[in-house]
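This report refers to the structure that appears directly beneath it.
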């Protein structure tokens with residue numbers, strides 16, 4: 018039996034062709050491998066819906082694909098649940114491309130299977146030797162608070178390493 022391998026990636030941003038090439042041609046992912054994806058599957062690229070379909074397909078067919086929520090998933094969920102018109106996108110083109118990839122005109126029309134999958138994504142994943150998160154932690158906070166600071170987990174760009182933690 019082949020040994021299990023571990024890979025981590027982030028910020029797929031709707032780039033299905035590139036991601037499929039990575040998984041199928043470069044990594045040659047096996048069901049015994051573990052692929053950790055740290056968020057930002059949607060927006061910017063041409064096929065956000067296709068990326069989510071592929072991730073769900075890999076999980077449904079027995080691949081060990083562990084997905085975390087990134088800030089772009091959170092912003093999309095916030096827009097859907099607030100019934101917003103899509104002011105989360107930086108450009109009109111990005112908005113149209115993302116919505117078209119789901120076959121809809123408004124965020125509130127994104128099919129519930131995607132919304133439920135995105136809403137179920139955890140913000141962090143603790144492994145025996147690593148803790149994975151999309152952006153990072155605010156190490157100025159006490160440890161228990163740090164792990165509840167969802168803003169930093171999704172958005173921080175300031176990294177102060179504390180080796181004691």
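Numbering (my numbering), first residue to last: 18 to 182. Even glycine gets a Cβ: it sits at the ideal position worked out from N, Cα and C.
message = Going by C-alpha to C-alpha distance, which of 42, 31, 45, 50 sits closest to residue 22?
response = Of 42, 31, 45, 50, the smallest CA-CA separation from residue 22 is found for 50.
ask   = To which residues of the same chain is residue 136 closer than 8 angstroms at the C-beta, ignoring the five residues directly before and after it?
value = Cβ-Cβ distances below 8 angstroms link residue 136 to 94 in the same chain, with the five nearest sequence neighbours on each side left out; the list follows chain order.
ask   = What does a CB cutoff of less than 7 angstroms around residue 163 pick up in its chain, not counting 5 residues either side in sequence?
value = Excluding residues within five positions, the ones whose Cβ falls inside 7 angstroms are 154, 155, 156.
query = Where does residue 51 sit, in a helix, a strand or coil, going by DSSP?
reply = Residue 51: strand per DSSP, three-state reduction.
inquiry  = So, does the region 80 to 97 touch the region 50 to 60, judging by three or more C-beta pairs under 8 angstroms?
reply    = Yes, since at least three Cβ pairs between the region 80 to 97 and the region 50 to 60 fall closer than 8 angstroms, the two stretches touch.
task = Report yes or no: do three or more beta-carbon pairs, one from the region 69 to 88 and one from the region 132 to 149, lie closer than 8 angstroms?
result = Touching, yes.
task = Pull up the distance between the alpha-carbon of residue 119 and that of residue 35, whole angstroms please.
result = Their backbone Cα atoms lie some 19 angstroms apart in a straight line.
ask   = Cβ atoms of residue 27 and residue 54: under 9 angstroms apart, would you say?
value = When the beta-carbon positions are compared, residue 54 and residue 27 come within less than 9 angstroms of each other.
key: Residue nearest to residue 159 in terms of C-alpha spacing, selected from 68, 126, 179, 147   = For the residues 68, 126, 179, 147, the minimum Cα distance to residue 159 belongs to 179.
ask   = What separation, rounded to the nearest whole angstrom, lies between the Cα atoms of residue 168 and residue 177?
value = Cα-Cα distance, rounded: 16 angstroms.
query = Rounded C-beta distance between residue 37 and residue 80? I'm assuming under 8 angstroms.
reply = With 8 angstroms as the limit, residue 37 and residue 80 do not qualify as a contact, their Cβ atoms being about 13 angstroms apart.
task = Could you check if residue 146 is buried or exposed, using at least 16 other CB atoms within 10 Å of its CB as the buried criterion?
result = Answer is exposed; the Cβ neighbour count stays below 16.
query = For residue 161, which residues of its own chain have a beta-carbon under 8 angstroms away from its beta-carbon, when the five flanking residues on both sides are left out?
reply = Beyond the five residues adjoining it in sequence on each side, residue 161 comes within less than 8 angstroms, by CB distance, of no other residue in the same chain.
request  = Would you tell me roughly how many angstroms separate the C-alpha atoms of residue 206 and residue 43, rounded to the nearest one?
outcome  = Since the displayed the chain opens at 18 and closes at 182, residue 206 lies outside it and no answer follows.
query = For residue 84, which residues does DSSP report across the bridge?
reply = Residue 84 is bridged by DSSP to 54.
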